[in-house]
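What follows is a short report on a single structure.
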Amino acid sequence: MELFQVGTDPWGQEILIRLSWTLLTAAFWAGIAFILFHAIYVIVWKPKVDHGDEPTVDPPAGIPDKVVRHTGAARMFHWVMAASMLVLLGTGFLPIIGLEFAWLNIHWIAGLILILCILYHIVHASFFLDFWSIWILPADFGEAVKRTKRQLGQQVTLGKHGKYPLDHKLYHLAVSVFGLLVSATGLLMMLRIDTPIVSRNDQFFTENNWGVLYTLHGFAAVLFVTLTITHIYFAIRPDKLWMTKAMIFGWVSKSDYLAHHDPEKWKVESK
Ligand code: HEM
Numbered sequence: 002m003e004l005f006q007v008g009t010d011p012w013g014q015e016i017l018i019r020l021s022w023t024l025l026t027a028a029f030w031a032g033i034a035f036i037l038f039h040a041i042y043v044i045v046w047k048p049k050v051d052h053g054d055e056p057t058v059d060p061p062a063g064i065p066d067k068v069v070r071h072t073g074a075a076r077m078f079h080w081v082m083a084a085s086m087l088v089l090l091g092t093g094f095l096p097i098i099g100l101e102f103a104w105l106n107i108h109w110i111a112g113l114i115l116i117l118c119i120l121y122h123i124v125h126a127s128f129f130l131d132f133w134s135i136w137i138l139p140a141d142f143g144e145a146v147k148r149t150k151r152q153l154g155q156q157v158t159l160g161k162h163g164k165y166p167l168d169h170k171l172y173h174l175a176v177s178v179f180g181l182l183v184s185a186t187g188l189l190m191m192l193r194i195d196t197p198i199v200s201r202n203d204q205f206f207t208e209n210n211w212g213v214l215y216t217l218h219g220f221a222a223v224l225f226v227t228l229t230i231t232h233i234y235f236a237i238r239p240d241k242l243w244m245t246k247a248m249i250f251g252w253v254s255k256s257d258y259l260a261h262h263d264p265e266k267w268k269v270e271s272k
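Its first residue numbered 2, the sequence shown is counted upward by one per residue in my numbering.
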């Protein structure tokens, strides 16, 4: 499988142009394969390793019937970011798979909206949300070991998690890293096109370094194909709908909260 598209400069030397789009096909099928394996795993294997040994907790008094999971501002960020991401994926990749249209202006405008969303989210999460709740901390490594043992069929008490389990934290980490990469490279690539915002400057990088930049942008972009497919799959799985509803309405029921979370690790405000 080709990983890169290469060309030649005026002196006949080989230079990097961009990522090979065979990786787009690979990223798409990786997402589909993940969904199929996960769906089969849940039906066939999970009942064998799920020993139903989660400790029951005596719920502390005062937990409200509706537990706020996402504030209105957090939900607005999520949906604007989701919309801009879908527009970026559509405008970035549909022309590559053969649907010709004037994609470039829509693409960089959606890109700037995504970047504004990310900047907003960084400030909001740093000063107004529980910043550390989504990051992988030393305590999570214990959970990782327990989960692996459980997958291997050993009987372990997993315990309940705080606001976000390890898999959510891993997903958020991947989206953060590749979101920043696609945004930084996209911003610099605006110097290679005509926009009313910044004047075009083809000489800003050498031809080969432009190639490196386009390759990094393409790499992060194709990863978002897999990340988006798997994210939407989990969002519409019947057993995860309680979380998806929380991203629409803002709250989870008291019973869902107690079934999935440890009140010691995710403390909610009692009325
Ligand atoms: C996950 C989000 C994104 C995806 C899936 C995506 C996808 C793509 C793809 C597939 C290309 C074609 C690259 C090539 O021809 O080698 C591209 C080009 C480009 N993207 Fe993105 N992109 C994303 C985010 C962004 C962001 C945040 C910006 C910032 C404004 C941006 C700005 C650009 C620009 C300026 C080009 C150059 C077009 C050209 O030179 O013809 N993109 N993008």
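For glycine and all other residues, C-beta sits at the position ideal for the given N, C-alpha and C. Since this is a predicted model, take the numbers as computed values, not measurements.
Asked: Measuring only from the beta carbon, is Y172 closer than 7 Å to any heavy atom that is part of the ligand HEM?; Found: no
Asked: Can you give me the Cβ contacts of D257 inside the same chain, cut-off strictly under 6 Å, excluding the 5 residues immediately before and after it?; Found: W243
Asked: What are the boundary residues of the alpha helix (DSSP H) that includes I16?; Found: Careful: I16 lies outside any alpha helix (DSSP H), inside the beta strand (DSSP E) at E15 to L20.
Asked: Do you know offhand how far I41's Cα is from G99's?; Found: 33 Å
Asked: For the pair the segment 19-28 and the segment 209-229, tell me if three or more CB-CB distances fall below 8 Å.; Found: yes
Asked: How big is the Cα-Cα spacing for L171 and G219?; Found: 22 Å
Asked: What residue does the beta strand (DSSP E) around Q6 start on, and which one ends it?; Found: F5 to T9
Asked: Any contact between the segment 59-79 and the segment 260-269? By contact I mean 3 or more CB pairs, one from each, below 8 Å.; Found: yes
Asked: Using 10 angstroms around the beta-carbon of R201, count the other beta-carbons present and answer buried if the total reaches 16, otherwise exposed.; Found: exposed
Asked: Suppose the cutoff is 7 Å on Cβ atoms and the five residues either side in sequence are ignored; what does the same chain contact list for G32 look like?; Found: V226, T227, I230 and T231
Asked: Across which residues does DSSP place H162 in a beta bridge pair?; Found: H262
Asked: The alpha helix (DSSP H) that contains W80, what's its start and end?; Found: G73 to F94
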